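Protein chains in written order, with this note's numbering: chain A, 14 to 363; chain B, 39 to 311.
Beta carbons: idealized from backbone N, C-alpha and C, even for Gly.
Source: prediction; values computed, not measured.
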Amino acid sequence: MSFLDLKNVTKIYPNGTKAVHETSLSINEGEFMVFVGPSGCGKSTLLRMVAGLEDITEGHINLDGKLINEVDPSERDVAMVFQNYALYPHMNVYNNLAYGLKNRGIDKETIEQKVNDAAKLLQISDFLQRKPSMLSGGQRQRVAMGRAIVRNPKIFLFDEPLSNLDAKLRIQMRLEIKKLQQKVGVTSIFVTHDQVEAMTLADRLAVINDGIIEQLGTPIEIYNNPKSLFVAGFIGSPQMNFLDANLNNKTLSAENFEIKNIESDYNGEVTLGIRPEHLIETENGLINLKVELVEQLGSDNLVYGQIKNIKDFCYRSPGNQTIKKGDTLSLNIEENKYYIFDKSTGKRVN
Amino acid sequence: MTRLITSGFSHFILFIGILIMIVPVWMIFASSTHTGLIINTQGLQMFLGDSFYENYLRVLLYKGGFFKEITALKMFLNSFIMATGVAILSVITSLMAAYALVYFRTKYATLLFWMIFVTILVPLELRIFPTYSVMAELNLVNSYFGLIVPISASAIATLFFRQFYKTVPDELLESAKLDGANTWRFFIDFLLPLSKTMIVAMLIFMFVFGYNQYLWPLLVTSSEQYWTVVMGLKMMSGSIVHRFAFVMMSMVPPILIIIVLQKHFIKGVFQDK
């Protein structure tokens with residue numbers, strides 16, 4: 014049996030809003046699970062139900078073999094890092110870390126030992142005596158993590174902890190969280206709406222939309238093999254290009270090109286998805302892209318342009334190429350690197 | 039140059055204001071240091087006389103009242119007990135009431151709060167007879183308890199604490215919960231220290247409120263042993279200089295409280311920033 018087990022968990026708010034629909038999920042011990050999805054998709058609600066901060070309307074949550082539906086948050090032995098850190102403003106860093114331990118009746122020497130160890134690990138030993146208001150964003154973030162680590166809980170819960178940091182710090186903290194989790198080895202759930210964060214942190218990823226897990230898998234599985242239009246559009250940066258097309262007798266016909274011998278028995282209106290990085294420039298390619306805008310990132314270029322009536326089609330070209338506005342590029346799709354979705358249901362059909 | 043003139047002008051206005059506030063107080067103080075004869079023959083005095091100790095000592099130790107049972111010193115003690123009692127008790131009750139209103143998921147919390155709040159429209163004077171009869175039934179007439187308790191529920195303080203609690207982020211409560219704090223611990227370990235500044239402000243406010251009470255103590259005490267300073271101002275008989283001295287002294291406790299507590303008050307305000 015897995016470490017954390019969610020069975021048909023449903024959340025309906027008193028006003029009738031259904032935030033989470035019969036979600037089932039198993040997380041293994043030591044695993045880093047990321048919930049990713051747009052805001053309002055129910056990912057935070059799911060996390061808060063694990064923490065015990067939201068009641069569970071239906072279903073069961075088992076942690077370490079024990080049903081925790083009715084267990085008080087203080088007794089679940091989970092630790093949470095909040096988006097705004099929720100540091101205790103009137104206590105210094107030391108007491109912020111020590112508070113949870115004090116409440117558990119641990120003796121003073123042990124607390125001091127644990128707090129100092131955690132502070133060392135997070136490199137916050139120098140400001141244990143400071144109040145949170147005297148710390149920078151990154152330092153506060155560390156204190157919030159320290160407060161979680163020091164208790165040595167069964168599970169870490171992160172509720173978008175990086176979204177209050179500036180871009181550079183966010184990348185740095187992302188790395189540190191991952192390293193830390195590997196070092197400490199505690200099972201973790203991380204909620205984010207940022208797909209890059211999700212891809213880089215996760216051992217496994219749950220893409221959530223409208224209270225339903227759309228797809229569950231390792232980041233690379235999900236990137237390579239999205240099961241639905243939503244997942245395909247959400248994971249990957251820049252976003253996947255979508256074109257309207259028709260699939261008939263294994264032949265796909267789009268605006269001005271055709272692909273033959275497609276492995277699918279589906280017939281009807283479909284959406285064709287192509288990632289910008291899965292295009293290559295060739296002579297007499299399938300697609301003729303009229304360049305409208307080039308974003309030069311150094312390592313590569315993001316080329317946006319028009320194919321007939323389709324606007325903002327994106328192609329990622331190597332950085333050493335010079336492409337100018339007004340050029341016409343001839344592009345081919347890398348072999349089998351395209352995704353076909355049923356237009357009405359959004360389900361993958363190839 | 040124009041700036042100098044405008045700032046000079048506003049300083050002038052402020053100076054006039056200060057004079058209007060200070061001069062009457064000074065005149066009473068100066069007059070209270072003269073003998074009654076001088077005041078009666080020459081009117082109020084602007085300069086200090088030489089009867090300061092004589093007048094003030096006599097007022098403090100003179101046994102006044104109809105039965106000659108009470109000294110001004112005892113009145114100060116009574117007032118201090120009453121005002122402190124009112125301040126502490128009303129802060130405690132308001133803190134707890136606000137806590138329940140904001141954090142316990144009471145169904146009609148808002149309605150309940152407004153019901154508490156409208157009691158502001160019902161001053162003590164309006165409910166003074168029923169309140170008195172309750173106190174009389176409970177045999178609490180002529181006691182400190184009877185002086186303090188009926189005026190120790192403050193809707194204003196409840197309002198202030200409630201509004202403050204509402205600004206405390208929910209994550210703080212949630213985080214505390216996960217850290218193993220129960221309802222009581224959250225109140226003691228979080229809300230009390232966080233509202234320290236406001237508690238001090240309310241203590242000052244309620245102390246002055248309790249100290250200034252006149253009608254209620256007048257009604258609920260028949261024994262002179264429980265006279266308060268404000269009652270004494272009215273009841274004190276004697277020479278005009280003694281009354282002046284008493285008035286001067288009656289101003290000291292509220293001012294002292296403000297001076298003593300203001301330090302914490304201001305410190306709190308700046309620390310939070």
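Residue from the options with nearest C-alpha to residue i
i	options	result
residue 269/A	276/A, 258/A and 279/A	258/A
residue 91/B	72/B, 241/B and 226/B	72/B
residue 191/B	215/B, 228/B, 125/B and 223/B	125/B
residue 24/A	54/A, 345/A, 316/A and 143/A	54/A
residue 336/B	225/B, 233/B, 67/B and 189/B	Only positions 39 to 311 of chain B appear in this structure, which leaves residue 336/B out of reach.
residue 170/B	154/B, 188/B, 182/B and 137/B	188/B
residue 224/A	273/A, 21/A, 17/A and 16/A	21/A
residue 243/A	26/A, 302/A, 50/A and 351/A	50/A
residue 84/A	103/A, 94/A, 62/A and 100/A	62/A
residue 108/B	167/B, 262/B and 291/B	262/B
residue 182/B	63/B, 123/B, 226/B and 204/B	123/B
residue 110/B	148/B, 42/B, 297/B and 281/B	281/B
residue 337/A	190/A, 307/A, 72/A and 95/A	307/A
residue 290/A	74/A, 351/A and 296/A	351/A
residue 105/B	296/B, 260/B, 286/B and 303/B	260/B
residue 151/B	117/B, 119/B, 175/B and 201/B	201/B
residue 64/B	286/B, 296/B, 291/B and 210/B	286/B
residue 323/A	284/A, 66/A and 197/A	284/A
residue 74/A	38/A, 119/A, 96/A and 344/A	38/A
residue 88/B	76/B, 236/B and 295/B	76/B
residue 297/B	246/B, 272/B, 265/B and 66/B	246/B
residue 43/A	139/A, 122/A and 191/A	191/A
residue 237/B	303/B, 78/B and 45/B	303/B
residue 290/B	115/B, 102/B, 153/B and 210/B	115/B
residue 343/A	310/A, 299/A and 332/A	299/A
residue 178/B	220/B, 264/B and 46/B	264/B
Whole-number beta carbon distance between residue j and residue i, since they are thought to touch under 8 Å
i	j	result
residue 226/A	residue 215/A	Rounded, the Cβ-Cβ distance is 14 Å, inconsistent with contact.
residue 141/A	residue 107/A	4 Å
residue 248/B	residue 121/B	4 Å
residue 248/A	residue 235/A	5 Å
residue 40/A	residue 57/A	Wrong, their Cβ atoms sit about 17 Å apart, outside the cutoff.
residue 45/A	residue 194/A	5 Å
residue 284/B	residue 97/B	5 Å
residue 112/A	residue 153/A	About 16 Å separates the two Cβ atoms, so there is no contact after all.
residue 362/A	residue 339/A	At roughly 37 Å, the Cβ-Cβ gap does not stay under 8 Å, so residue 362/A and residue 339/A are not in contact.
residue 35/A	residue 78/A	Rounded, the Cβ-Cβ distance is 22 Å, inconsistent with contact.
residue 354/A	residue 213/B	In fact, because the Cβ distance is near 42 Å, the residues do not count as touching under 8 Å.
Contact check, residue i vs residue j, beta carbons under 8 Å
i	j	result
residue 254/A	residue 230/A	no
residue 294/A	residue 241/A	no
residue 258/B	residue 288/B	no
residue 69/B	residue 57/B	no
residue 334/A	residue 314/A	yes
residue 13/A	residue 317/A	Residue 13/A is absent from the model: chain A starts at 14 and stops at 363.
residue 372/B	residue 241/B	Given a span of 39 to 311 for chain B in the structure shown, any question on residue 372/B remains unanswerable.
residue 301/A	residue 320/A	yes
residue 279/B	residue 55/B	no
residue 116/A	residue 217/B	yes
residue 385/A	residue 260/A	As displayed, chain A neither begins before 14 nor continues past 363, which places residue 385/A out of reach and without an answer.
residue 194/B	residue 127/B	no
residue 91/A	residue 64/A	yes
residue 114/A	residue 164/A	yes
residue 131/B	residue 138/B	no
residue 166/A	residue 215/B	no
residue 148/A	residue 76/A	no
residue 155/B	residue 197/B	yes
Quick one: any contact between the segment 196-210 of chain A and the segment 159-176 of chain A, if contact means 3 or more CB pairs under 8 Å? The segment 196-210 of chain A vs the segment 159-176 of chain A: in contact.
With three or more C-beta pairs closer than 8 Å as the rule, is the segment 247-262 of chain B touching the segment 163-181 of chain B? yes
Hey, which unbroken runs of the beta strand (DSSP E) at 3 residues or more fall wholly within the segment 244-273 of chain B? none
Below 8 Å, how does it come out for the segment 154-162 of chain A and the segment 123-138 of chain A: are there three or more Cβ pairs, yes or no? Yes: the two stretches touch, three or more of their Cβ pairs being nearer than 8 Å.
Counting only runs of 3+ residues fully inside the segment 48-119 of chain A, write out the beta strand (DSSP E) ranges in chain order. DSSP runs (the beta strand (DSSP E)) wholly in the segment 48-119 of chain A: 71-76 and 91-94.
Entirely enclosed alpha helix (DSSP H) segments - the segment 124-205 of chain B, minimum 4 residues: 147-156, 166-175, 182-186 and 193-205
What ranges does the alpha helix (DSSP H) occupy inside the segment 218-279 of chain A, keeping only unbroken runs of at least 4 residues that lie completely in it? 232-237 and 242-247
Just to confirm the assignment: which complete beta strand (DSSP E) runs, minimum length 3, are found wholly within the segment 296-357 of chain A? 300-309, 313-320, 323-331, 341-346 and 352-355
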